[in-house]
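According to my numbering, the sequence shown holds residues 88 to 274 in order.
Note that CB positions come from ideal geometry on N, CA and C, so glycine has one too.
Data first, discussion second: the structure below is written as structure tokens.
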Amino acid sequence: IRASCCQAEPARRRKGLFLSESIPNRRGAASVLRNALSLFGAHFAAKALSFGIIVVLPRYVSDTQLGDYFVAVAVTSLLSAFADFGMRDILIRELHLRPDKTDETLGVALALRLTLNVLVLAGCGIVIRINSYSADLAWLVWLLGGAEVANGMAQLFYYLFRARERMGYESLGVLVERGLVVFIGGG
């Protein structure tokens with residue numbers, strides 16, 4: 088019994104021992120690596136720009152303005168989380184598995200996202216009203232809320248790019264978005 092066990096073991100170990108044996112399509116592996124590096128680079132650059140703004144911003148604004156900025160970021164970030172409604176993974180999967188239904192799927196997702204965005208903006212208004220925010224803070228909440236709505240709409244197209252394995256387009260979009268935020272003066 089022991090001899091047959093030892094003979095079967097090396098056969099199992101040899102299979103898939105080397106990366107080239109376990110990946111049948113090297114072009115597919117290269118595509119995954121290229122897409123991953125593209126997304127990593129874009130998101131790393133975006134985070135570095137955000138960090139740079141957070142470090143530099145306190146030098147140019149008062150403590151009160153900085154506090155208002157972070158309150159607005161907190162309110163809009165919390166509310167915008169509801170606008171995604173957990174559709175990211177489901178939408179990417181559906182767009183990948185059913186490319187012939189892309190128009191229909193994106194149409195439904197767009198309608199749902201628009202509806203949820205209206206609710207997010209209404210939530211911004213309610214938070215502003217309940218907390219009696221100053222005019223400056225209210226303006227900041229509306230500005231960042233609008234930016235989150237625009238970002239949420241762009242996310243739908245990022246999902247399509249991911250489903251089609253075209254992460255270069257998403258990477259470009261992330262860099263353009265972060266560049267606009269830096270240009271406008273957010274973070």
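Q. DSSP on S221, reduced to helix/strand/coil?
A. As a working note, residue 221 is residue 134 in the sequence shown. In this structure, S221 counts as coil in the three-state DSSP scheme.
key: Span separating the alpha-carbon of I215 from that of D155   = Here the question's residue 215 lines up with position 128 in the sequence shown. Here the question's residue 155 lines up with position 68 in the sequence shown. Answer to the nearest angstrom: the Cα atoms are 12 Å apart.
Q. Residues in its own chain within less than 6 Å of V228 by CB, not counting five upstream and five downstream?
A. Locating residue 228 in the sequence shown gives position 141, counting from the first residue. Correct list, in chain order: A159, V162, C211 and I215.
Quiz item: If we count Cβ pairs, one from each stretch, closer than 8 Å, do we get three or more for the segment 202-211 versus the segment 129-136?
Solution: no
Please work out which residues of its chain come closer than 7 Å, Cβ to Cβ, to H183, disregarding the five sequence neighbours upstream and downstream, and give them in chain order. Position 96 of the sequence shown, counted from the start, is the residue given in the question as residue 183. Excluding sequence neighbours, H183 sits near A250.
Do you know how far the Cα of A241 is from the Cα of S137?
In the sequence shown, counting from the first residue as 1, residue 137 sits at position 50. In the sequence shown, counting from the first residue as 1, residue 241 sits at position 154. Going by the C-alpha atoms only, they are around 19 Å apart.
Practice item. Decide if the segment 146-154 is in contact with the segment 168-188; the criterion is three or more beta carbon pairs, one per stretch, under 8 Å apart. Key: no
### Neighbourhood of F270 by C-beta, 8 Å cutoff - its chain only, sequence neighbours within 5 removed
In the sequence shown, counting from the first residue as 1, residue 270 sits at position 183. Excluding residues within five positions, none has a Cβ falling inside 8 Å.
Looking at the structure shown, is V119 part of a helix, part of a strand, or coil, going by DSSP? Indexing the sequence shown from 1 puts residue 119 at position 32. Note: V119 maps to helix in three-state DSSP.
Check: When the Cα of E235 is compared with those of Y246, L262, F169 and L193, which residue comes out closest?
Finding: The residue you call residue 235 lines up with position 148 of the sequence shown. Out of Y246, L262, F169 and L193, F169 has the C-alpha closest to the C-alpha of E235.
Review point. When burial is assigned at 16 or more other CB atoms within 10 Å of the CB, is S167 buried or exposed?
Key: The count along the sequence shown starts at 1 and reaches residue 167 at position 80. Counting Cβ neighbours within 10 Å, S167 comes out buried, since at least 16 surround it.
Backbone secondary structure at R100 - three-state DSSP: For this step, residue 100 is matched to residue 13 along the sequence shown. Note that R100 scores 48 on pLDDT, short of 50, meaning its location in the model is unreliable; the coordinates nonetheless yield the value given after this. Three-state DSSP puts R100 in a helix.
Please report the straight-line C-alpha distance between V261 and L230, rounded to a whole angstrom. One-based indexing of the sequence shown puts residue 261 at position 174. One-based indexing of the sequence shown puts residue 230 at position 143. Roughly 19 Å between the two C-alpha positions.
**Item:** Per-residue burial, S258 [other beta carbons within 10 Å of its own, 16 or more giving buried]
**Value:** Position 171 of the sequence shown, counted from the start, is the residue given in the question as residue 258. S258 is buried by the Cβ-count criterion.
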